[in-house]
Every structure is written in structure tokens, then in C-alpha cells.
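The structure appears right after this line, and notes come after that.
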Amino acid sequence: MTTPKHTIEDLISNLGQTLPQVSPEELSSGDELSNVVLFDLREPELMRAGALPGARAVGQRFIELELAQQAIARDAPIVLYCQAGRQSLLALRGLQDLGYSNARSLVGGFSAWSSRGLPVEQPVMLTDPERSRYARHLSLPRVGEPGQLLLKKARVAVVGTGGLGAPIAYYLAAAGVGTLRLIDHDVVDASNLQRQILFDTASVGAPKVEVARKRLSEFNPLVALEVRNEMLDTGNAARLLEGVDIVVDGSDNFETRYAVNQAVLAHRQTLVSASVFQFSGQVYSFAPHLGTPCYACLFPEAAPDSLAPSCSASGVVGALAGTVGMLQVMEVLNIILQIGSPLFGRMLTYNGLKAETRQLSFDVNPSCPACQPIRGGSTEVPAG
């Protein structure tokens, strides 16, 4: 007697009878949709027709990795959907094996949802030129198309386009960050050319942000560039930094850094900051709205000029600015992609003479004059 062979249709039918599912009507009722973590498992070409509001695009092959990277709790309310409700059942089986006890599949998938006239968003998609340009990102399991879409949606401000800001802007544009805002009031000087890679001899005397805009738009026309030819200070920092997700500070003085910190606190933004001195540098990241220290927690007051001279006074190795700037870029990418372990509450120092790195930890300063009046005794900066 031969054992009957089971087909994929048999498997899906069985999963549909045994695994938890949610109907489009149930998911769209009340606050149900806003209370779940929603994953779209479809291929990019199918997403062009739209997506459920708030859905995170992630290929079926990467759903387990995505959940792990996002540190989503095993009991979190999760809903998976595909085009017709079949692949999501297969993915759901894998999640249940990993202990995700509150995950469900959408009955009938996107087809059933859209056929009922329920709300649909037009998702941001990668164009063919973007897929070609960012192909090496798309082949990375921890980036892929979902990660590249996060980069495309991101809005990042770069304060200063000098030794740190120039390589930062260049590689953020290379990575496909969707919108870059460059803020600098300075003009190119011949002494900048030793380290500021966006400029050349013909640029001397021209506004840095205008030269940077031209160079970056030629380098990657797929990135939107905004420039602010202004000197950032306490009076305009909030305006200049409004509307971005992440601020990358490449400035070289405490006055500007404190002004940036106050604006970041007000806007509940993430800040990636750094400094360089001769042959060494340091990098740190801050997200006080998420409970981390702020810049002023680490540096409550400005160091005297004798201890923190400018690059023009003390000198700096050009390659060091590039090295530290690239560390800042990696911080930004990790934060946007929600991978790795950003330097929240940690300072990374780099000694270029010894090729040594060290890490120092620091906490929220309960007496911080910048963030404690806003925190009001809490670790987090409240929403405005």
C-alpha cells in the first residue's frame, strides 16, 4: 500500500485550519490595525499596487531575521500578509516554531483587503536605477530592499561640510539616504583641501554648501539635497534642523554643538556627533527622546580653548577626519537600518598613531542643565 503524497495545496489548507488568522474586517475594525506590528511579505513588483497602512515591507525569506533585529517581543501582536494569504501561512508556521505566540496571518492577503475597499497606502518603492546603484546593499541580508527603502525615506541634516561633514555627506549620499540637508556658512579655503574631499582648487572662495550641492548632485542625482548657507547658532538651530530624523554634527566648536543639542532635544531627534584633534578622534550618539544621555550630559560645560583648540590652531591629519567621519556614517546607517549597537551612552575614541580604539560608558546626568528641565525627572524627553 503506497502512502498518498501531500501537495503544497494540502499543506496550505492544513495550515489554514490550524494556524491563527485574522480577517480583513477584523483587522480594519476599531484600533486593531494600529495596535499590531504589520509585515508585508510580497515581492516588490506586487507592492506597486499599494500596501496596508503602516506595513513594514520585508521579504518572506527575511522575516525571522527582521524580527530578531527589531527585538520584537515573542508575545507582540504580529500580522503577516502576502498577496493571497498563502505565503503568509508558511511564514507564520516558522514564526510559531520560534515562539512568536501572538502572530497571525491575514485571510486572503492584500487581494482580499483591497477588494473590500479598505484603506491602502502607496508605498515608497525603489526605482530600477536605484536597484542598480544600490545592488551591493540589496544583496546584504541585514539591508536588502526593506533597508534600502528605510534609507530612501530618511532625512538627515549634516552640520558643517568641513573635515568631518564633507566625507559624511559624500558617503551618506553614496548609501542612498533620501534627503540630505547641508548646513554651513563658510567658504572654501585652500587650507581645507588637505581633508575636505568635496572641494578642489577651483572651489576656493566659493560657498561650501553650494559646491557640496553641485558635487553631490553630480555624484548621486537620486538623492534630494537641501542647503542652508547660514551659521547655525542658538537663535536659528531649531529652524535649521526642523523636519529631519537624524542630525550629524561635524562642527568644530562647543557653541555650535550645544546649540545643536538644544534643537535635537526640542525636536526629539537622534544626534551623531564627533570631534577630531591632531591624530585622535571620538564619536558618540544621542537619542534623549528614547532615554539616552544628551550631549550636555557628557560635556556639561565647554572646555577652555587651551584644552580644545580648533583645527586651525592645533592641526589635524586629513585622513583622521575621514576615518572619524566614516565612523559617524556607520552610526547613522545602523540607526536608520535599526541594526547593530549604536553608541548610545558610549564614547568611541580612536588613536590614529597607535591604531587603537577604546570605549567609555556614560549615563544620563541627573543635573544636566540642558535635558533635565525637559525630562522632568523621567529618563525620556517627553513629546512636544
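Sequential numbering of the sequence shown, starting at 344, is according to the numbering used here.
Every residue, glycine too, gets a C-beta built ideally from N, C-alpha and C.
It should be emphasised that the depicted structure is a prediction, and the values quoted were computed from it without experimental measurement.
- In the displayed model, M690 falls within a strand according to three-state DSSP.
- Burial is judged here by how many other beta carbons sit within 10 angstroms of a residue's own beta carbon; G442 has fewer than 16 and is exposed.
- In this chain, T361 is not harboured by any beta strand (DSSP E); it is covered by the alpha helix (DSSP H) spanning 351-361.
- With a cutoff of 8 Å on beta-carbon distance, G521 and V566 are scored as near each other.
- DSSP places I511 within a helical segment (H, G or I) once states are collapsed to three.
- At the C-beta level, C637 and L663 stay beyond 8 Å of one another.
- Within a 10 Å sphere around the beta-carbon of E352 sit fewer than 16 other beta-carbons, which makes this residue exposed.
- Taking a cut-off of 8 Å on C-beta distances, the segment 527-537 does not touch the segment 478-493, as fewer than three cross pairs fall below it.
- Sixteen is the threshold: when 16 or more other Cβ atoms of the shown chains lie within 10 Å of the Cβ of H610, as they do, the residue is buried.
- Residue environment analysis places Q465 among the exposed positions, since fewer than 16 neighbouring C-beta atoms fall within 10 angstroms of its C-beta.
- The DSSP assignment places 380-383, 421-424, 446-449 as complete runs of the beta strand (DSSP E) inside the segment 379-457, in order along the chain (cut-off: 3 residues).
- Its chain contains G451, G452, S454 as the residues whose beta carbon lies nearer than 7 Å to that of A427, once the 5 sequence neighbours on both sides are disregarded; these appear in chain order.
- DSSP, read as helix, strand or coil, puts I717 in helix.
- According to the DSSP assignment, R459 belongs to no beta strand (DSSP E), since it is labelled neither H nor E.
- Rounded to whole angstroms, the Cβ separation of L559 and L568 is 6 Å, and the two are in contact under 8 Å.
- At a cut-off of 4 residues, the continuous stretches assigned as alpha helix (DSSP H) that sit fully inside the segment 533-615 are 551-562, 580-584, 597-610.
- Boundaries cannot be given for L469, as no beta strand (DSSP E) includes it and DSSP labels it neither H nor E.
- T666 carries a helical assignment under DSSP once its states are collapsed to helix, strand and coil.
- Per the DSSP secondary-structure output, E368 pairs with nothing in a beta bridge.
- In the three-state scheme derived from DSSP, where H, G and I count as helix and E and B as strand, R524 is classed as strand.
- Per DSSP, the unbroken beta strand (DSSP E) holding Y627 starts and ends at 623-629.
- A Cβ-Cβ distance of about 5 Å is found for the pair N563 and A516, placing them in contact under the 8 Å criterion.
- Here Q681 is not bridged, per DSSP, to any residue.
- Cβ contact annotation for C711 (same chain, cutoff 6 Å, sequence separation greater than five): A639, C640, in chain order.
- Contact fails between the segment 466-479 and the segment 406-421, because fewer than three Cβ pairs, one in each stretch, are under 8 Å apart.
- For T599, the closest of I406, D588, D527 by C-alpha to C-alpha distance is D527.
- Inclusion of Q671 and L507 in the CB contact set at 8 Å is warranted, their separation being smaller than that value.
- Under the DSSP assignment, L703 falls in the beta strand (DSSP E) whose first and last residues are 699-704.
- As computed with DSSP, A500 is found in a beta bridge with R524, V590.
- Apart from sequence neighbours up to five positions away, the residues of its chain that approach L691 with a beta-carbon distance below 8 Å are Q625, V626, Y627, L670, T700, R701, Q702, ordered along the chain.
- Shown here, S657 sits in a helix according to DSSP, grouped into three states.
- The three-state secondary structure of V672, taken from DSSP, is helix.
- In this model, A518 and T613 are separated by some 19 Å (Cα to Cα).
- Note on geometry: alpha-carbon atoms of Q364 and N708 lie some 47 Å from one another.
- The Cβ atoms of A497 and I679 lie closer than 8 Å to each other.
- Excluding the 5 residues flanking it on each side, N579 has same chain C-beta neighbours closer than 8 Å at E573, in chain order.
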